[in-house]
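Trainee: Protein chains in written order, with the working numbering: chain A, 93 to 384; chain B, 156 to 700; chain C, 1272 to 1613.
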Amino acid sequence: MPVKSREEIVFQILVNTFLIVFLLIILVPMWRVVMMSVTPLGYAAEDTSFGMLIPPWKWSIEAYKQLLTHPNFLHAVWNSVQITVLGTSLSLILTVPLAYVLSIRTLPGRNILINFILLTYLFSAGMIPTFLVVHDLGLTDHLAAVFVPVAIGVYNVLLMKGFFEGLPVELEEAARLDGASELQVLIQIILPLSKPILLTIGLFYGVFYWNEFFYPILYLNDNDLMPLPVLLRNILMASSLNEYVEYDAFSNAPIQSLKAAGVFITMLPMVAVYPFIQRYFTKSTLTGSVKQ
Amino acid sequence: MRNISKHLFLAVVIMALLLSACGTATTVAPTVAKATTAPDVVQPTAEPTEIQPATISMWAAGRVSEADDPPADWVVYDILEEKLKITLDLVVMKGGNDDMNQKINTAAAANDLPDLFFVNRDAWYALVGQGMIAPVDDLLPLMPTRTATHYSDPNRNRLVTIDGKMYGLPDPGQIPTTDGLVIRKDWLDKLGLAMPKTLDELIEVARAFTNDDPDGNGKNDTYGFGAYPEMAGVPENGLGRRFDYIMGAFGVSGMWNVTQDGFGMNVYNPAFLDALKVVRQINVEGLITPDWPTLKKDDFRANWKQGQWGIMRENFAALSTKSNYKDFDANNPEGEWVVLPPPTGPAGLSSEGLSNQSARIYAISQKAIDEGKGEAIARFLDWTAGDEGYYLLGFGVKGENYNLDANGYITLEGIDPAKAWTAKEMQPYTQLGNFVYIFTDVELKARYPEHQTANGRTIKPLDFLAGFTAQNWTECTASGIINPPDNWGDLQTRYNEGIQAFVLDVDNEITQEAWDAFLADLKGLGTDDWVADARDILTGAGYLK
Amino acid sequence: MKKSGVDRPSSISQDDNVTEKTAAQPALVPNAAIEIPWREKFRRLWRAVWRHRWLYIIVLPSVLFFVIFKYWPLFNAQIAFKDFKPVLGVVGSPWVGLKHLEAFFNSYYFSRLIGNTLFYSIAGLILGMPTAIILAIALYETRFNMIRSIVQTGAYIPHFLSWVIMFGVLLTMLSPSEGLINEIIKATEGKSISFLTSPKYFRWVAIFSNIWKETGWSTILYYAALMGIETALFEAASVDGASRLQRIWHISLPGILPVIMIVTLLRLGHILDAGFNEIFVLYSVPVYSVADIIDTWVYRAGILEFKYSLATAVGMFKGVIGLVLLVVSNQLAKRWARTSLY
């Protein structure tokens, strides 16, 4: 904008103040989590900043030590990585062709297919009927049970379909005229243009799988298969089975620190990955589901 | 592990086939298996028949939820394979009651329950109704050792008896009097207060603990009471067991009064409202930690270890065994918990809490029986109660993880501390401990040894247990067999929600009208019928006349 | 969204032309369908199908996925109308008609459950959506790229936290003994407040923590829509002397209206899903009166109390309501806002 009017300046002040306040509202609780995770035992007594400004030389990494040396911890991380990587790959392998096919409007049967899929979005059979299927397929107690039954997210399909529909068609037409098959068009023309949506939807799936704790509890019996969120939950929220507590695994750090450290460790991988993908969230990727 | 055990299983099957092919070898296996059982046992069937190899799937409640499962090369697996021809497919269940129920219920929905599994009584009752749990009466004679050690208490057996048949194995749950009221003696001394005897005195002490800085750190960061809502099964609802001593001062601890004269639900006793008013007052005045409604067990324990409050009801082991006490000791070197006799109420009543013979129920699925695994399960169970199984599951390998002294007590004499059965790394090997423990003197001494605090005092966990046991208790074993009604979910919700809401509402006194409306709601949910049913059941079991 | 002159609809007409070259003229005539013999129609359809054969093949695994993991469970969902006994199996259990639905309708808590569920759904929509839109507009309008990218990055983070973890975060803020807010309350004047266990506060805690967690993330859609608006429109408005607010009102908001419609439609279809994970993690007995929603009740009744058929019946009920709402509102949206989900 060429002219900086007074109105413009006032407007900018308001807008940016709003943004900064919003950011603070988001960051304060998270900062508190980080601070609590490094609070040493018995620190509260000498604190005057509500535990928000603990000087770094007083930080205690005991909580992290306790969690990271938990015998099952690395194993659970490995399970989580497997679930996330395999699940995201499978999801994309199933979502891309579906979205692409749905984006071809001349395809006979396309509307049937769309309704076939939308119906399931609205009408889920519920936990027990689905559990029966997973069980009948013999998937229980395989990691696959955690990601295969939820591999396709209808919402993600719609987003990707919208993206494909928004791609310029000239290239495709040219390729078709050259005699390329539909499959070649998808692989040679569409996919190279689709990095933003693939990364974005991939992240959506990845986050979903990384945080999953309900399905593992439901479908997995073998404790060796449990992913990180289940392990953390067991460490932090459970233990009502044991009346006689002769022994406890965690004691050199306050329980609040352990919880906070668990929160921090679990969120770290996703928070580390997504800023790299974030720039693809904008523009054409995500408004695709809206059709004109 | 799965693959290895599959291969082993295959090997065992092939061997068994070979053995049965040449009839001369038949006598070998049985004698080995029987060697571990007690000698005075009557053999159920005279013929030493061929032992059928079997795979038994078992979902057990782990002893230590933070610890791993037993590893694949666990010596117990090998012994079971070799001596009993049993492949044990063990899952150690972790997480809370709800997680466990969810797991069992979904498995049940698929008609795929494990052969042998730990289950709480409410879920057990529903499963029996579905016809998915097998009666065990025919199996008990096949496991004489375990029946003698575990299943001969008539009270516990009644917990799993329906229409005269036992539908589960009621392992000893816990000593009935493990939880008791304790108070910080050091705080009392510092403030110059005497041990409170009545409820009023106790509240007065709690006020002092809250307001007069008993820990002397100059900050207003202590409370009189600590508690959290802890409930398990039908008998404990409302506020849960951590408040039993207050309810008990009014004679209304527990959901049920199972005495001959006062039989019925305590909530209909006018004294119940008086008791709630006291609890509410404690909450309103801030004499109890304000977090109590959302605390989990671990938080509760972390908080008293940090010295947050001075009066609570706690499990003696959680309070005083070495590993649990050391944090409290580190934070409060002068801290001292002592047993406080439950305070007396206006009518002179008092109660430490509910004393009931509880059971940890293991059920055998009907499916396992249909598949002909009953005998194998009994064989396995009996082994766990014999000397070999008992010590292996409860304490590990003799000479490596523990030793026995001249009197037969467990000792760590001559044991590498890193390998001792009490060491952190060894916990996976005793995950099935609760499956074999029967609370003998030997066990208690081994599990709850004396220890020294940092400044040299001696803490004797078993003294706390003895102290609790010596108090007044509300005997309510009978209420354990009251079955949940069909609408238990809604009724329980209304009951707990109503009671907790009255106590937590800091703005409004509990009015008689509101209370009457609450009671009317409960009647609307069918408590009259439930009370009548319960009376029938208790009369049938001989608890009432 | 209009983004460029050419978009996919043009490809449709071209494709159609390709088909018609071989099929002579009738297709262009109204009522052509009636005049073409069915054999010809079938031949044409077959040709179109054959031309797209690869598409059918590559979509086959995805279709199989839906058949196995969505439609097979729907077949199993017949237990909603049966007394499901696991030993008898899904097919073998006896039919009982609508018994379980009636049990749900007559449940002591039915009205409360519906009320709470609608409250959380609608309040989440009414309060959450404007917050997200305002944030998206602010992000779009700020001239400081640095602030924009920092706020975006920061605001997205909470979305990555599961509700189990959110509970932990909330406790560090709201716990009466050590929550930051309560420490401040105690330091200034008063008594700590039990936000999570008092019915008075719980609703707002639940709603605002949901907003805290998801607002940043949901701006993505709105922000992307704003980015899709032709800048020439803003410039023209600016030349015409429109104020900032006028431009937002007349250009930005209409520009993101389709997204608003879509989001609203999707939410309407799931109006009886009030966020099981959130409530399940946050609620406790004392606040059941304002926290218990259909899904938490179903979880307790269906999963913890073995009422498999009841749980499934309520799931069906929710699905039917959602389907009806979605279809109706989609039609309304088509008519009034010229937007639709499908």
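The C-beta atom is built at its ideal place from N, Cα and C for all residues, glycine as well. Bear in mind that the values here come from a model prediction, so they are computed numbers and not experimental data.
Return the CA-CA distance between Ile293(A) and Leu184(A), expressed in angstroms with no decimal places.
Mentor: 8 angstroms
Trainee: Taking only runs of the beta strand (DSSP E) that begin and end inside the stretch 417 to 477 of chain B, which ones reach a length of at least 3 residues, in chain order?
Mentor: 464 to 470
Trainee: Near Ile259(B), what residues of its chain come up, given a Cβ to Cβ distance below 8 angstroms and the 5 sequence neighbours on each side ignored?
Mentor: Trp214, Leu268, Phe272, Val274, Ala278, Leu282
Trainee: Determine the contact status of Ala1584(C) and Phe1390(C), defining contact as a CB-CB distance below 8 angstroms.
Mentor: no
Trainee: Along chain B, in chain order, which residues have C-beta atoms closer than 8 angstroms to that of Phe223(A)?
Mentor: Thr261, Ala264, Ala265
Trainee: Does any residue of chain A bring its CB to less than 8 angstroms from the CB of Leu1299(C)?
Mentor: Since pLDDT at Leu1299(C) reaches only 46, below the 50 mark, its modelled position is unreliable, and no value is offered.
Trainee: Is Asp224(B) close to chain A? Criterion is C-beta to C-beta, closer than 8 angstroms.
Mentor: yes
Trainee: Residues bridged to Lys522(B) by DSSP?
Mentor: The partner list for Lys522(B) (beta bridge, DSSP) is empty, contrary to what the question assumes.
Trainee: What does the Cβ neighbour count give for Met302(B), buried or exposed, with the cut at 16 atoms within 10 Å?
Mentor: Note that residue 302(B) is Thr in the sequence shown, not Met. The residue in question, Thr302(B), is buried, as its Cβ has 16 or more Cβ neighbours within 10 Å.
Trainee: Are the C-beta atoms of Gln257(B) and some chain A residue less than 8 angstroms apart?
Mentor: yes
Trainee: In three-state terms, what does DSSP make of Ser212(B)?
Mentor: strand
Trainee: Taking DSSP as the reference, what is the three-state secondary structure of Val107(A)?
Mentor: helix
Trainee: Starting from the C-beta of Gly588(B), find all residues in its chain whose C-beta is less than 7 angstroms away, skip the five residues before and the five after it, and write them out in chain order.
Mentor: Arg218, Leu548, Gly549
Trainee: Which residues in the same chain have their Cβ closer than 7 angstroms to the Cβ of Gly644(B), if we skip the five residues on either side of it in sequence?
Mentor: If we look at Gly644(B) and ignore the five residues flanking it on each side, it has no Cβ neighbours.
Trainee: By the three-class DSSP mapping on this structure, what secondary structure does Gly178(B) have?
Mentor: With a pLDDT of 36 at Gly178(B), under the threshold of 50, the predicted position of this residue should be treated as unreliable, though the coordinate-derived value follows. Helix at Gly178(B).
Trainee: So the candidates are Tyr592(B), Ala625(B), Thr444(B); which of them puts its Cα closest to the Cα of Arg515(B)?
Mentor: Tyr592(B)
Trainee: Please list, in chain order, all residues of the same chain as Gln1349(C) whose beta carbon is under 7 angstroms from its beta carbon, the five residues on each side excluded.
Mentor: Val1361
Trainee: So, at 8 angstroms on beta carbons, what are the nonlocal neighbours of Val126(A) in its own chain, with the 5 sequence-adjacent residues on each side left out?
Mentor: Ala352, Phe356
Trainee: Does the count of Cβ pairs from the stretch 217 to 232 of chain A and the stretch 152 to 164 of chain A closer than 8 angstroms reach three?
Mentor: no
Trainee: May I ask you to list the residues that DSSP assigns as paired with Pro325(B)?
Mentor: Ile516(B)
Trainee: Would Tyr1579(C) pass as an interface residue toward chain B - the criterion being a Cβ-Cβ separation below 8 angstroms?
Mentor: yes
Trainee: Does any C-beta atom of chain A lie closer than 8 angstroms to the C-beta of Asp293(B)?
Mentor: no
Trainee: Counting only C-beta atoms, is Ile1500(C) closer than 8 angstroms to chain E at any point?
Mentor: Among the chains of the structure shown, chain E does not appear; the protein chains present are A, B and C.
Trainee: Can you have a look at Trp1366(C) and say buried or exposed, based on whether 16 or more other CB atoms are within 10 angstroms of its CB?
Mentor: Burial call: exposed.
Trainee: Any Cβ of chain A within less than 8 angstroms of the Cβ of His1323(C)?
Mentor: yes
Trainee: With DSSP as the reference, label Glu630(B) as helix, strand or coil.
Mentor: strand
Trainee: What residue range is occupied by the uninterrupted beta strand (DSSP E) comprising Tyr378(B)?
Mentor: Note, Tyr378(B): beta strand (DSSP E), 378 to 380.
Trainee: Skipping 5 residues on each side, what residues in its chain have a beta carbon closer than 6 angstroms to that of Ala1572(C)?
Mentor: Lys1578, Leu1581
Trainee: List the residues of chain B that His227(A) touches, going by C-beta distances under 7 angstroms, in chain order.
Mentor: Ala265, Asp267
Trainee: Looking only at its chain, what residues have a beta carbon closer than 6 angstroms to the beta carbon of Leu357(B), apart from the 5 residues adjacent to it on each side?
Mentor: Pro351, Pro498
Trainee: Between Glu1576(C) and chain B, is the shortest Cβ-Cβ distance under 8 angstroms, so that the two count as touching?
Mentor: yes
Trainee: So Gly490(B) and Thr377(B) are in contact, right, with Cβ under 8 angstroms, and what is the actual spacing, rounded?
Mentor: The Cβ separation is near 12 angstroms, so there is no contact.
Trainee: In whole angstroms, what separates the C-alpha of Phe673(B) from that of Asp641(B)?
Mentor: 20 angstroms
Trainee: Could you tell me how far apart the beta carbons of Leu190(A) and Ile244(A) are, in whole angstroms, since I believe they sit closer than 8 angstroms?
Mentor: 7 angstroms
Trainee: Near Lys553(B), what residues of its chain come up, given a Cβ to Cβ distance below 8 angstroms and the 5 sequence neighbours on each side ignored?
Mentor: Closer than 8 angstroms at the Cβ level, and outside the excluded window around Lys553(B), lie Tyr546, Leu559.
Trainee: Considering only residues of the same chain and omitting the five flanking positions on each side of Asn424(B), which have a CB-CB separation below 6 angstroms?
Mentor: Val407
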